[in-house]
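Some notes on the structure that comes next.
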Amino acid sequence: MPILEFQNVSKVYNGVTKALSNVSFSVDEGDFVSIIGPSGSGKSTILRCINRLVDATQGEIYFDGHDINKAGKQELREVRKKIGMIFQHYNLVDRLSVIENVLHGRLGHKSTIAGVIGAYTEQEKETAFSILAMLGLTEQAYKRCDELSGGQKQRVGIARSLMQEPRLILCDEPIASLDPSASKVIMDHLSEINKALKITCIANLHQVDVAMKYAKRIIGLTSGQIVYDGPAQDLSRSKIYEIYQSNEGELITDIRYSYE
Amino acid sequence: MGELAIALHSIDLSEQSKYMKKTRKGKIRTAAKTKSAAALKLTVIALLLLTAIGFLSFDYKKVNAAQAAFSTVQNARVLFAQPRLSYNTVAGIARALFVTFSLGALSTIFGAILGFFGALMCARNISNPTLSNIVRSFVAFIRAVPTILWVLILTVAAGLGSVAAVVGLTFHSAAYLVKAYSESIEEIDSAAIEALKASGASYWQIIFQAVVPSSISYMLAWTFLRFEINFTNAIAVGAAAGAGGIGYDLFMAGSFYFSLRELGFITYVVAAAVIALEALSTKVKAKVG
Numbered sequence: 212m213p214i215l216e217f218q219n220v221s222k223v224y225n226g227v228t229k230a231l232s233n234v235s236f237s238v239d240e241g242d243f244v245s246i247i248g249p250s251g252s253g254k255s256t257i258l259r260c261i262n263r264l265v266d267a268t269q270g271e272i273y274f275d276g277h278d279i280n281k282a283g284k285q286e287l288r289e290v291r292k293k294i295g296m297i298f299q300h301y302n303l304v305d306r307l308s309v310i311e312n313v314l315h316g317r318l319g320h321k322s323t324i325a326g327v328i329g330a331y332t333e334q335e336k337e338t339a340f341s342i343l344a345m346l347g348l349t350e351q352a353y354k355r356c357d358e359l360s361g362g363q364k365q366r367v368g369i370a371r372s373l374m375q376e377p378r379l380i381l382c383d384e385p386i387a388s389l390d391p392s393a394s395k396v397i398m399d400h401l402s403e404i405n406k407a408l409k410i411t412c413i414a415n416l417h418q419v420d421v422a423m424k425y426a427k428r429i430i431g432l433t434s435g436q437i438v439y440d441g442p443a444q445d446l447s448r449s450k451i452y453e454i455y456q457s458n459e460g461e462l463i464t465d466i467r468y469s470y471e
Numbered sequence: 154m155g156e157l158a159i160a161l162h163s164i165d166l167s168e169q170s171k172y173m174k175k176t177r178k179g180k181i182r183t184a185a186k187t188k189s190a191a192a193l194k195l196t197v198i199a200l201l202l203l204t205a206i207g208f209l210s211f212d213y214k215k216v217n218a219a220q221a222a223f224s225t226v227q228n229a230r231v232l233f234a235q236p237r238l239s240y241n242t243v244a245g246i247a248r249a250l251f252v253t254f255s256l257g258a259l260s261t262i263f264g265a266i267l268g269f270f271g272a273l274m275c276a277r278n279i280s281n282p283t284l285s286n287i288v289r290s291f292v293a294f295i296r297a298v299p300t301i302l303w304v305l306i307l308t309v310a311a312g313l314g315s316v317a318a319v320v321g322l323t324f325h326s327a328a329y330l331v332k333a334y335s336e337s338i339e340e341i342d343s344a345a346i347e348a349l350k351a352s353g354a355s356y357w358q359i360i361f362q363a364v365v366p367s368s369i370s371y372m373l374a375w376t377f378l379r380f381e382i383n384f385t386n387a388i389a390v391g392a393a394a395g396a397g398g399i400g401y402d403l404f405m406a407g408s409f410y411f412s413l414r415e416l417g418f419i420t421y422v423v424a425a426a427v428i429a430l431e432a433l434s435t436k437v438k439a440k441v442g
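Heads up: the sequence lines are chains A and B, in that order.
If you count the first sequence from 1, you need to add 211 to reach my numbering.
If you count the second sequence from 1, you need to add 153 to reach my numbering.
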């Protein structure tokens, strides 16, 4: 039983820019899928169609039994509660503390007024702290988010999404702004969350080698169309060149081979 | 540097020169040629011209420049060097100052509350375009009419007095703050808003958990600025709309008692109050920032 299903989804921005055309795929519960493709190929659009930050122009998207494109306001909120999202630029409220940002993950579960005044239960706060402990951020709990390093900010982002108790986590270029060591920490955490908590992960990645190492399955996207959808280990070098529409030796990942 | 210079020298410039634009003097132009630059130039020229015409078309009567300058200095000396109260007591002035302060504070508080909700409807990043445009043009209209005029218009409805003054000042303050607040809100990074939206947060939750924390220090700065403006406006309407306060005393001292010394004293009091306000607001802003 797939948790997420795309059926012939297309997206056109402003009636002219085609971002997705006829994209169909499904994701099983517990899967770790990575979407790769050049900039502007529609990776972010796919993720944002899932939680309706972007409205698909055509086609159906099913998540956990909900027809997302037809969901009303209330149903959409229900759907969004179950889908966590982490971002390239972390998207935290910089002026608030780490723990406040983590607790933001609960807003969808709270009444409007409780959320407005920031009235969280003791239990929610304890959960937040144990999530921070899991990600090694307990010491930073009361720091303002703009005092943190990039890697720490991204871990706050992960903590916030976990706070939602999500079924699915969408990762939009989670490591594109991080150094290699912080990137590894983040990817290891995501992998751990996927395995231990059985939360489905869909990650947009620019680093093909990272995608192949961490994801079970890879979807290759070129100008809004799926050109590869299969297990990570079956992704051939020639297919990578096809996805990025470039010639042998012209990708940054080729550098390693030129030294061998 | 030497090698770079040689390397750069070997680049054929004829290929590039197609893209280069020249100024009228034949130098390579670096500034983008935009409409706004041309408009700015035109505005400056127009202003200079108007200034010239203004000075030429004054009716100078038969003022003796030397004598006029002498009297001005004389009056200024009485005004600023010999301040003295003769018709009011210090306690009376202090009370009047408090009245003016209250007029300013009340209208700022009302204006801030109205302005906040107006700004939520007006800020383009959190409102829909139609609503935003409606609110925008509405407040632009209110702002186009000067504060004092609003107070005078409202005296028709509320009668001369402090009610008309507060309502009139509130009117303009709210419109001013809608613009200031909405621009503060538009400045904030919309990324956090997106993140909260994605997690299923409701509109008001996003406003108070992301928008307000991100823009509160700007909003406070604008509110203080508006308070200073309202305080000085309250002085003016004190006389113009009979709202009382130190403006009324100032008016009486000038137009009724013709007492330059009393005027000077009140002017010093007002200046001191404004400076004190400014110092206070700087302190508060530093704490919040």
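A virtual CB, placed ideally from N, CA and C, is assigned to each residue, including glycine.
Helix, strand or coil at Met212 of chain A [DSSP, three-state]: Secondary structure of Met212 of chain A (DSSP, three-state): coil.
Alpha carbons only, please: which of A:Ala267, A:Ile342, A:Asp445, A:Glu286 is nearest the one belonging to Ile369 of chain A? A:Ile342
Does DSSP put His400 of chain A in a helix, a strand or coil? helix
Report the residues of the segment 226–260 of chain B with a CB closer than 7 Å to any CB of chain A, ordered along the chain. none
In chain order, what residues of the same chain lie with their CB nearer than 6 Å to the CB of Ser315 of chain B, ignoring the 5 residues before and after it? Residues Ala396 of the same chain have their beta carbon placed closer than 6 Å to that of Ser315 of chain B, with the five preceding and five following residues left out of the count.
In the DSSP assignment, what residue or residues form a beta bridge with His277 of chain A? A:Phe274
Keeping to the same chain, check which residues put their C-beta closer than 7 Å to that of Asn415 of chain A; ignore five residues upstream and five downstream. Ile246, Lys254, Ser255, Leu258, Cys382, Asp383, Glu384
What's the C-alpha gap between Ala219 of chain B and Asn228 of chain B? Between Ala219 of chain B and Asn228 of chain B, the C-alpha separation is close to 14 Å.
Those residues which DSSP pairs with Ser221 of chain A across a bridge: A:Gln269
Just to confirm, is the Cβ distance from Gln218 of chain A to Glu271 of chain A under 7 Å? yes
Is Ile429 of chain A helix, strand or coil by DSSP? strand
Where does Lys174 of chain B sit, in a helix, a strand or coil, going by DSSP? coil
For chain B, check one thing: does any of its Cβ atoms lie closer than 7 Å to the Cβ of Lys354 of chain A? no
Return no unless some Cβ of chain B is closer than 7 Å to the Cβ of Asn233 of chain A. no
Can you tell me where the alpha helix (DSSP H) holding Ile380 of chain A begins and where it ends? First-last for Ile380 of chain A: 379–383, but that is the beta strand (DSSP E), not the alpha helix (DSSP H).
Ser457 of chain A to Ser280 of chain B span [Cα, whole Å]: 42 Å
Would you mind working out which of A:Leu348, A:His277, A:Ile294 sits nearest Val309 of chain A, comparing C-alpha positions? A:Leu348
Interface residues of chain A around Pro282 of chain B at Cβ under 9 Å? Residues of chain A passing the Cβ test: none, with the nearest at roughly 14 Å.
Between the Cα of Pro391 of chain A and the Cα atoms of A:Arg291, A:Gly361, A:Ile294, A:Ile404, which residue gives the shortest distance? A:Gly361
Residues of chain A with CB closer than 7 Å to the CB of Leu349 of chain B, please, in chain order. Here the neighbours are His315, Leu318.
Give the single residue among A:Val234, A:Ile297, A:Asp275, A:Gly241 whose Cα lies nearest to the Cα of Gln269 of chain A. A:Val234
As a quick exercise: from A:Val238, A:Leu231, A:Val227, pick the residue whose alpha carbon is nearest that of Met212 of chain A. Taking only the C-alpha atoms, the option nearest Met212 of chain A is A:Val238.
Contacts around Val441 of chain B, its chain only, beta-carbon distance under 8 Å, and the 5 residues preceding and following it disregarded: Ile369, Ser370, Leu373
Quick one: list the residues of chain A neighbouring Phe111 of chain B, beta-carbon separation under 8 Å, in chain order. Here chain B has residues from 154 to 442 only, and residue 111 of chain B is not among them.
Please report the distance separating the alpha-carbon of Arg291 of chain A from that of Asp266 of chain A. 14 Å
Going by beta-carbon coordinates alone, are Leu413 of chain B and Val216 of chain B separated by less than 7 Å? No, Cβ-Cβ distance for Leu413 of chain B and Val216 of chain B is not below 7 Å.
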